[in-house]
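Report on the following structure.
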Ligand code: SF4
Ligand code: SF4
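In our numbering, the protein residues as written are 2 to 380.
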């Protein structure tokens, strides 16, 4: 793993052009240069030169980041802001006592037990029972998994949120019931994003290595329905020897579009789509909607702007998180959609936050899989 000093040359590539300010959702609200990569790089360059100390104040600005990567997409110098911010975060956290507490809660044993407890609570909650009824499935059906003629072998990276909210299994079962897809679900660890965000690179390395080892078998595609997991899995090759490529790693939406599945809805529905910042390609969405009868797609303004959640960002920056979610929700309201569809469990929380804050009780927030599973007929 690199140290901040190793990024000295990269940091000095910043020409202070300010292109990142145009793209950064945080800068748009704060107008404070320290909250966008340009300002962060000036501070971190000062640290590498020994002119500044990696202080609590600088850490505050490191945390004021959605990790959306939009600044890097616009950066003419091609600087990878996320890699540098993660490295700086790690170096700062190493100097604090808080990191010992966080590392304890993120250790494999404690973290995986939290996920198991969350899953147990959900399974026994009223919400879980109601959702089972909605899908018309029983616990017994849930265990008979989707194995057909093995035409396409798909490795499913569920992600931690989907482990806690196991309905994604049922949605998949309903959608792919008549499809020739074999779904393999090895015991993956967390993708590692929560560890990266807290600068816990040791734990990130542990989870990444477990996941890479699980991929050491034959499969056609590695598939997820969490855009954050997707981007983290793709980032492994920056740190480790691994062959996860964007050709091999897909979203469930890509598979549904590839199989050209058709969905029949009895009643007319209006839908809109939120593109998660971490979703690399959303071309599947319009293809799928064209294959849905009785569904009208209304594209919202700024459909690819952040939802404002971004994991621990929402906890550390409540005011900013709410402001970004509200702006998103206003664009949703203008579509008058019955459903806002997305493909990231964290975005679902950000979208719900925005709808709650703007008093929108009409629009339901759903994952793509959940939406398609309510179709009356799949063929
Ligand atoms: S990653 Fe996103 S929020 Fe963070 S500095 Fe870049 S554009 Fe701003
Ligand atoms: S876009 Fe890149 S080069 Fe320009 S100010 Fe931002 S970080 Fe620096």
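Don't be surprised by glycine CBs; every beta carbon is placed ideally from N, CA and C.
A quick note: this is a predicted structure, and the numbers were derived from the prediction, not measured.
In chain order, what residues of the same chain have a beta carbon less than 6 Å from the beta carbon of residue 142, not counting five sequence neighbours either side?
For the purposes of this step, residue 142 is taken as residue 141 along the chain shown, with counting starting at 1. Low confidence applies to residue 142: its pLDDT is 38, below 50, so where it sits in the model is not reliable, and the reading given next is rough at best. Residues of the same chain with their beta carbon placed closer than 6 Å to that of residue 142 are lacking, with the five preceding and five following residues left out of the count.
Check the C-beta distance from residue 42 over to residue 12 and give it rounded, since I have them as a contact under 8 Å.
Position 41 of the chain shown holds residue 42. Position 11 of the chain shown holds residue 12. Residue 42 to residue 12, Cβ: 5 Å. Contact.
If distances are taken between C-alpha atoms only, which option among 10, 330, 8 and 39 comes closest to residue 23?
On the chain shown, residue 23 is found 22 positions in, with the first residue counted as 1. When each option's Cα is compared against that of residue 23, the closest is 39.
Which class does residue 154 belong to by DSSP, given the choice of helix, strand or coil?
Translated into the one-based positions of the chain shown, residue 154 becomes position 153. Residue 154: strand per DSSP, three-state reduction.
Tell me which residues share the same chain as residue 230 and place their Cβ nearer than 8 Å to its Cβ, disregarding the 5 neighbours each side in the sequence.
Position 229 of the chain shown, counting from 1, holds the residue named residue 230. Its chain contains 158, 160, 192 and 194 as the residues whose beta carbon lies nearer than 8 Å to that of residue 230, once the 5 sequence neighbours on both sides are disregarded; these appear in chain order.
Inside the region 292 to 369 only - alpha helix (DSSP H) runs reaching at least 4 residues:
Along the region 292 to 369, the alpha helix (DSSP H) occurs as fully enclosed runs of 4 or more residues at 313 to 317, 319 to 334 and 346 to 358, listed in sequence order.
Bridge partner(s) assigned by DSSP for residue 252:
Reading the chain shown from its first residue, position 251 is the one you call residue 252. Looking at the DSSP output, residue 252 sits in a beta bridge with 225.
Do you know how far the Cα of residue 75 is from the Cα of residue 36?
Locating residue 36 in the chain shown gives position 35, where the first residue counts as 1. Locating residue 75 in the chain shown gives position 74, where the first residue counts as 1. C-alpha separation (whole angstroms): 16 Å.
Quick one: residues in its chain with C-beta nearer than 8 Å to the C-beta of residue 151, no 5 flanking neighbours on either side, listed in chain order?
Within the chain shown, residue 151 is the residue found at index 150, counting from 1. With a pLDDT of only 46 at residue 151, under 50, the local geometry of the prediction cannot be trusted, and the value read off the model is given with reservation. Spatial neighbours of residue 151 in its own chain (CB-CB distance under 8 Å, excluding positions within 5 residues in sequence) are listed in chain order as 181 and 183.
So does residue 20 have its beta carbon nearer than 8 Å to some heavy atom of ligand 4?
Summarising the ligand content, the structure contains ligand 1 and ligand 2 and does not contain ligand 4.
Would you give the residue range spanned by the beta strand (DSSP E) that residue 165 belongs to?
Your numbering for residue 165 matches position 164 in the chain shown. Segment 161 to 165 is the alpha helix (DSSP H) holding residue 165; no beta strand (DSSP E) there.
Roughly how many whole angstroms lie between the Cα atoms of residue 224 and residue 281?
Mapped onto the chain shown, residue 224 falls at position 223. Mapped onto the chain shown, residue 281 falls at position 280. Whole-angstrom Cα-Cα distance: 13 Å.
By the three-class DSSP mapping on this structure, what secondary structure does residue 266 have?
Taking the first residue of the chain shown as position 1, residue 266 is located at position 265. In the three-state reduction of the DSSP assignment, residue 266 falls in the strand class, which pools E and B.
What number of angstroms, rounded off, separates the C-alpha of residue 350 from the C-alpha of residue 19?
Position 349 of the chain shown, counted from the first residue, corresponds to residue 350. Position 18 of the chain shown, counted from the first residue, corresponds to residue 19. Looking at the two C-alpha atoms, the distance is approximately 31 Å.
If you draw a straight line from the C-alpha of residue 47 to the C-alpha of residue 28, how long is it?
On the chain shown, residue 47 is found 46 positions in, with the first residue counted as 1. On the chain shown, residue 28 is found 27 positions in, with the first residue counted as 1. So the alpha carbons of these two residues sit roughly 21 Å apart.
Could you spell out the range, first to last residue, of the beta strand (DSSP E) harbouring residue 182?
Position 181 of the chain shown, counted from the start, is the residue given in the question as residue 182. 182 to 185 is the span of the beta strand (DSSP E), which, as asked, contains residue 182.
How is the alpha helix (DSSP H) around residue 28 delimited, first residue to last?
Within the chain shown, the letter at position 27 stands for residue 28. Start and end: 26 to 31.
Based on the DSSP secondary-structure assignment, which residues constitute the bridge partners of residue 379?
Numbered from 1 along the chain shown, position 378 holds the residue referred to as residue 379. Answer by DSSP bridge pairing, in chain order: 264.
Would you call residue 162 buried or exposed, if buried means 16 or more other Cβ atoms sit within 10 Å of its Cβ?
By 1-based counting over the chain shown, the position of residue 162 is 161. When all chains shown are included, residue 162 counts as buried.
Grab me the residues of residue 205's own chain with a C-beta within less than 7 Å of its C-beta, minus the 5 sequence neighbours each way, in chain order.
Position 204 of the chain shown, counted from the first residue, corresponds to residue 205. Result list for residue 205: 193, 196 and 197, in chain order.
Quick one: using the 10 Å Cβ neighbour count with 16 as the cut-off for buried, is residue 372 buried or exposed?
One-based indexing of the chain shown puts residue 372 at position 371. The residue is buried, with at least 16 neighbouring Cβ atoms inside 10 Å.
Would residue 212 pass as a contact of residue 104 if the rule is Cβ separation under 9 Å?
As a working mapping, residue 212 is identified with position 211 in the chain shown. As a working mapping, residue 104 is identified with position 103 in the chain shown. In this structure, the beta-carbon distance from residue 212 to residue 104 does not fall below 9 Å.
For a test of the three-state rule: what should DSSP assign to residue 109, helix, strand or coil?
The residue given as residue 109 occupies position 108 in the chain shown. DSSP places residue 109 in helix when its eight states are reduced to three.
I'd like to confirm something about residue 38: is its beta-carbon nearer than 8 Å to some heavy atom of ligand 2, or not?
Locating residue 38 in the chain shown gives position 37, where the first residue counts as 1. For ligand 2, at least one heavy atom lies less than 8 Å from the Cβ of residue 38.
Using 9 Å as the threshold, is the C-beta distance between residue 178 and residue 379 below it?
Sequence index remark: in the chain shown, residue 178 carries index 177 (1-based). Sequence index remark: in the chain shown, residue 379 carries index 378 (1-based). In contact: residue 178 and residue 379 (Cβ atoms closer than 9 Å).
What is the rounded straight-line gap between the Cα of residue 21 and the Cα of residue 214?
Here residue 21 refers to the residue found at position 20 of the chain shown. Here residue 214 refers to the residue found at position 213 of the chain shown. One C-alpha to the other measures close to 37 Å.
Cβ shell of residue 129 (< 6 Å), same chain only, five flanking positions each side left out
Against the chain shown, residue 129 aligns to sequence position 128. Confidence at residue 129 is low in this model, with a pLDDT of 46, below 50, so its placement is unreliable and no value can be given for it.
Please classify residue 256 as buried or exposed, where buried requires at least 16 other C-beta atoms within 10 Å of its C-beta.
As a first step, residue 256 is located in the chain shown; it is residue number 255 there, counting from the start. Burial call: buried.
What residues in its chain sit with their C-beta under 6 Å from that of residue 137, if we drop five residues either side in the sequence?
As a position in the chain shown, residue 137 is number 136, starting the count at 1. Only weak support exists for where residue 137 lies, its pLDDT of 39 falling under 50; the value from the coordinates is given anyway. Hits under 6 Å: none found.
Can you tell me where the alpha helix (DSSP H) with residue 62 in it begins and where it stops?
Counting from one through the chain shown, the residue named residue 62 turns up at place 61. Per DSSP, residue 62 belongs to the alpha helix (DSSP H) from 57 to 64.
In whole angstroms, what separates the C-alpha of residue 118 from that of residue 53?
Translated into the one-based positions of the chain shown, residue 118 becomes position 117. Translated into the one-based positions of the chain shown, residue 53 becomes position 52. Rounded to the nearest angstrom, the gap between the Cα atoms of residue 118 and residue 53 is 43 Å.
Residue 10 versus residue 314 - alpha carbon distance:
Here residue 10 is taken as the residue at index 9 of the chain shown, counted from 1. Here residue 314 is taken as the residue at index 313 of the chain shown, counted from 1. So the alpha carbons of these two residues sit roughly 28 Å apart.
Ordered along the chain, which non-local residues of its own chain (more than five positions away) have a Cβ less than 6 Å from that of residue 369?
Within the chain shown, numbered from 1, the residue matching residue 369 stands at position 368. Result list for residue 369: 254, 342 and 344, in chain order.
Starting from residue 78 and walking both ways along the alpha helix (DSSP H), at which residues does that stretch end?
By 1-based counting over the chain shown, the position of residue 78 is 77. That residue, residue 78, is in no alpha helix (DSSP H); it is neither H nor E in DSSP.
Give me the residue from 79, 50, 7 and 101 with the minimum Cα distance to residue 14.
Residue 14 sits at position 13 when you count from the first residue of the chain shown. Measuring from the Cα of residue 14, the nearest candidate turns out to be 79.
Quick test of the definition: if touching needs 3 or more C-beta pairs under 8 Å, does the region 324 to 342 touch the region 298 to 312?
Short answer: they touch.
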